[in-house]
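Going letter by letter, the sequence shown gives residues 1 to 201 in UniProt numbering.
A short write-up of the structure that comes next.
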Amino acid sequence: MVSLTSEDAHFRTRDVPDAVRPTDLNQRATELADWLLLVTQMLKSNIVTVGDTNEIRTVIGRLQVTKVDLEQRHSQLEDIFTLAQNIKNKTSDVDIRTSITEKLERVRSQWDSTQHAVEARLLQLDDMTVHSNQWEEQRKEVTALVGHTDGHFQNLLQRSRDPLTKQFEDSKEFLQTLGRGQAKVAAFNELLQPAFTRILV
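Listed below in structure tokens is the structure:
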């Protein structure tokens, strides 16, 4: 959080005209810093379930609103810098000028960090949406494959009295079906890996 409160008393002892005291600057900088802190906390608390596209889209919607808020509040950041520059222009005290510059750098750093975090999270969630859709499609295919092969296997067990030649042909067909399904299972596993990686990080 950025605050000039601790230095207000110090400023009041210096040769700064009343019209340009840092009180207003301190208030504006603190309000903006507090809001940026709330955004950062919101980013940390908005955890999503991998594979739950509805939940992911809901969080994306919230972050898009926050991104618009950031864009609209950028004028507040510019106002803070303008006010700070006016104060610096009207005082020759090096300590005051240096202190204001340091505060502005912290506000700017917090702003840039928050903006980057929002944009990075949006990109991450967009990527998760794509992977979740692919995962769901593959899951349905693998589930159907498992159901089909299980039924086929149970059928083979029940036909143990058939001639060996017939059993051999059926078993061969069953193994071929398993072989074709192996590619789907492998693709499904590949989609799961990034999800598990994000969970463990």
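Backbone N, C-alpha and C fix where the C-beta goes; we use that ideal spot for every residue, glycine too.
Keep in mind that this is a model prediction, so the values were computed, not measured.
Note the first and the last residue of the continuous alpha helix (DSSP H) segment covering residue i.
i: glycine 61; result: 53-89
i: asparagine 26; result: 23-45
Let me know the secondary structure DSSP gives residue i once reduced to three states.
i: valine 48; result: coil
i: glutamate 190; result: helix
i: aspartate 126; result: helix
i: aspartate 112; result: helix
i: serine 92; result: coil
Whole angstroms are fine: how far does the CA of residue j sit from the CA of residue i?
i: serine 132; j: glutamine 41; result: 25 Å
i: threonine 114; j: threonine 149; result: 51 Å
i: aspartate 69; j: valine 142; result: 43 Å
i: glutamine 134; j: glutamate 119; result: 23 Å
i: aspartate 79; j: aspartate 127; result: 36 Å
i: leucine 36; j: threonine 101; result: 19 Å
i: alanine 29; j: glutamate 71; result: 17 Å
i: tryptophan 111; j: glutamine 27; result: 16 Å
i: glycine 147; j: lysine 140; result: 11 Å
Once you ignore the five residues that flank residue i on each side, which residues in its own chain have a CB closer than 8 Å to its CB?
i: valine 16; result: Bear in mind that the predicted position of valine 16 carries a pLDDT of just 46, short of 50, making it unreliable; the figure below should be weighed with that in mind. Hits under 8 Å: Pro22, Ile87, Lys90, Thr91, Asp93, Ile96.
i: aspartate 51; result: Inspection of the sequence shows that residue 51 is occupied by glycine rather than by aspartate. Ser132, Trp135, Glu136, Ala195.
i: leucine 57; result: Position check: residue 57 holds arginine in this sequence, whereas leucine was assumed. Contacts found: Thr129.
Sorted by chain position, which residues of the same chain lie with C-beta nearer than 7 Å to residue i's C-beta, five sequence neighbours on each side aside?
i: threonine 49; result: Glu55
Considering only residues of the same chain and omitting the five flanking positions on each side of residue i, which have a CB-CB separation below 6 Å?
i: asparagine 46; result: Val59
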